[in-house]
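Working notes, structure below.
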Amino acid sequence: MADIINQNPVAPIEPKKRFSFGAWWDKTTGEPLKLKDKIILIVVGVVFLFVFYVTLDANKYPALVRVIAGEGAVGVNPTDLALDFGDLARGTSAVRRVDIQNGTFMPMYVLVWEVGGISSLMEVDKTAFRLAPKSGTKIEFSTYMPASAEIDKIYKGRVYIFKIPTFGI
Amino acid sequence: MKLGKTAKFFLDGVIYIVIVGGIVYGLPKFLSWSLKTPFPMAAITSGSMWPELKQGDMVFIQGEQSKDTIAEGDVVVWRSTNNEGFVIHRVTELKEDTFITKGDGNFTADPPVGYDQLVGKALVWRGKMVKLPYLGSVTTYASKFVQ
Numbered sequence: 001m002a003d004i005i006n007q008n009p010v011a012p013i014e015p016k017k018r019f020s021f022g023a024w025w026d027k028t029t030g031e032p033l034k035l036k037d038k039i040i041l042i043v044v045g046v047v048f049l050f051v052f053y054v055t056l057d058a059n060k061y062p063a064l065v066r067v068i069a070g071e072g073a074v075g076v077n078p079t080d081l082a083l084d085f086g087d088l089a090r091g092t093s094a095v096r097r098v099d100i101q102n103g104t105f106m107p108m109y110v111l112v113w114e115v116g117g118i119s120s121l122m123e124v125d126k127t128a129f130r131l132a133p134k135s136g137t138k139i140e141f142s143t144y145m146p147a148s149a150e151i152d153k154i155y156k157g158r159v160y161i162f163k164i165p166t167f168g169i
Numbered sequence: 001m002k003l004g005k006t007a008k009f010f011l012d013g014v015i016y017i018v019i020v021g022g023i024v025y026g027l028p029k030f031l032s033w034s035l036k037t038p039f040p041m042a043a044i045t046s047g048s049m050w051p052e053l054k055q056g057d058m059v060f061i062q063g064e065q066s067k068d069t070i071a072e073g074d075v076v077v078w079r080s081t082n083n084e085g086f087v088i089h090r091v092t093e094l095k096e097d098t099f100i101t102k103g104d105g106n107f108t109a110d111p112p113v114g115y116d117q118l119v120g121k122a123l124v125w126r127g128k129m130v131k132l133p134y135l136g137s138v139t140t141y142a143s144k145f146v147q
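Protein sequences appear in the order of chains A and U. Under my numbering, residues 1 to 169 are what the first sequence spells out, in order. Under my numbering, residues 1 to 147 are what the second sequence spells out, in order.
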């Protein structure tokens with residue numbers, strides 16, 4: 001009996017309010033979510049997820065080249081983790097290749113995008129093409145060092161290779 | 001007077017067409033008149049003037065140039081005699097009847113050019129060349145469909 005007397009009264013537990021998007025929308029806009037709004041939201045959501053996936057799945061490579069004095073001097077490629085064109089003298093060029101594989105059962109549309117200071121020195125043999133399912137190809141990047149390149153300067157940039165599923169379209 | 005929804009829609013359309021038409025047709029005509037040349041804009045299609053001009057840049061050309069108005073170091077546009085189009089390079093030497101140009105990124109100079117081939121000079125404002133990056137790529141791409 002004493003045990004029962006010493007116990008504190010327990011406050012009634014309120015049921016947790018679950019977040020409802022429809023209720024939030026209603027409260028924010030003052031109107032209930034219409035079918036048209038739902039369709040638009042779903043389409044926007046799917047497009048966002050698609051873009052997010054393509055961006056996340058893209059191959060990203062840092063690209064760089066250093067200008068050196070001399071004639072016909074070409075450095076070696078120190079790493080295969082980046083599109084490193086090594087050391088190039090004015091008037092010389094170097095080529096790097098990237099192997100692209102499509103291991104899926106769906107054709108992919110491949111887009112190559114270069115940014116940064118090196119992008120105006122770099123040529124890509126194919127910037128937009130279709131890659132068949134279960135196949136691969138090589139993308140060739142060549143960098144030529146013009147007469148106006150600054151000696152000892154390192155030109156940097158990034159290369160993004162986007163693989164966009166075509167869903168057979 | 002209150003316009004109906006349909007009338008307002010069509011009026012908006014007409015205003016939009018007038019604005020776009022004015023920009024597309026009026027702007028080149030205005031530039032031709034103000035820069036005194038039938039070729040007021042040029043798209044850069046090679047890297048021969050790198051890094052001053054990059055492939056895809058668009059530059060403005062100041063017309064009515066002659067031997068007396070150009071100087072060594074100026075970036076000029078000249079027309080090739082064998083219909084190879086236009087060249088935009090830097091003047092390296094001025095001679096009596098001809099002038100020599102060279103692309104900044106090139107190792108060799110161009111053959112001598114007669115003053116009659118001179119189209120104009122790249123427009124400079126406050127010591128800097130007036131250029132619009134990437135816009136040249138758009139016009140070059142668009143011209144492929146026009147041809």
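Backbone N, C-alpha and C fix where the C-beta goes; we use that ideal spot for every residue, glycine too. Given the structure is predicted, the values throughout are model-derived calculations rather than measurements.
Using only the alpha-carbon positions, how far apart do residue i and residue j sit?
{"i": "residue 74 of chain A", "j": "residue 161 of chain A", "result": "26 angstroms"}
{"i": "residue 95 of chain U", "j": "residue 116 of chain U", "result": "13 angstroms"}
{"i": "residue 135 of chain U", "j": "residue 8 of chain U", "result": "34 angstroms"}
{"i": "residue 82 of chain U", "j": "residue 90 of chain U", "result": "20 angstroms"}
{"i": "residue 46 of chain A", "j": "residue 85 of chain A", "result": "39 angstroms"}
{"i": "residue 79 of chain U", "j": "residue 120 of chain U", "result": "10 angstroms"}
{"i": "residue 173 of chain U", "j": "residue 38 of chain A", "result": "It is not possible to answer for residue 173 of chain U, since the shown part of chain U is limited to 1 through 147."}
{"i": "residue 53 of chain A", "j": "residue 112 of chain A", "result": "16 angstroms"}
{"i": "residue 24 of chain A", "j": "residue 127 of chain A", "result": "45 angstroms"}
{"i": "residue 102 of chain A", "j": "residue 15 of chain U", "result": "49 angstroms"}
{"i": "residue 62 of chain A", "j": "residue 111 of chain U", "result": "40 angstroms"}
Could you work out which residues of chain U lie near residue i, taking near to mean beta carbons separated by less than 9 angstroms?
{"i": "residue 120 of chain A", "result": "47, 50, 51, 54, 55 and 56"}
{"i": "residue 91 of chain A", "result": "107"}
Considering only their Cβ atoms, is the gap separating residue j from residue i smaller than 9 angstroms?
{"i": "residue 83 of chain A", "j": "residue 67 of chain A", "result": "no"}
{"i": "residue 39 of chain U", "j": "residue 76 of chain U", "result": "no"}
{"i": "residue 116 of chain A", "j": "residue 155 of chain A", "result": "yes"}
{"i": "residue 58 of chain U", "j": "residue 132 of chain U", "result": "yes"}
{"i": "residue 63 of chain U", "j": "residue 29 of chain U", "result": "no"}
{"i": "residue 100 of chain A", "j": "residue 137 of chain A", "result": "yes"}
{"i": "residue 142 of chain A", "j": "residue 95 of chain A", "result": "yes"}
In this structure, how does DSSP classify residue i when only helix, strand and coil are distinguished?
{"i": "residue 55 of chain U", "result": "coil"}
{"i": "residue 110 of chain U", "result": "coil"}
{"i": "residue 20 of chain U", "result": "helix"}
{"i": "residue 43 of chain U", "result": "strand"}
{"i": "residue 130 of chain U", "result": "coil"}
{"i": "residue 32 of chain U", "result": "helix"}
{"i": "residue 8 of chain U", "result": "helix"}
{"i": "residue 161 of chain A", "result": "strand"}
Name the chain U residues that come within less than 8 angstroms of residue i, Cβ to Cβ?
{"i": "residue 142 of chain A", "result": "Chain U residues near residue 142 of chain A: none, gap ~12 angstroms exceeds 8 angstroms."}
If the cut is a Cβ gap below 9 angstroms, which residues of chain A does residue i touch?
{"i": "residue 104 of chain U", "result": "146, 147 and 148"}
Under a Cβ-count criterion, where at least 16 other Cβ atoms within 10 Å of its own Cβ denotes burial, should residue i be classed as buried or exposed?
{"i": "residue 69 of chain A", "result": "exposed"}
{"i": "residue 48 of chain U", "result": "buried"}
{"i": "residue 48 of chain A", "result": "exposed"}
{"i": "residue 120 of chain A", "result": "buried"}
{"i": "residue 35 of chain A", "result": "exposed"}
{"i": "residue 110 of chain A", "result": "buried"}
{"i": "residue 105 of chain A", "result": "exposed"}
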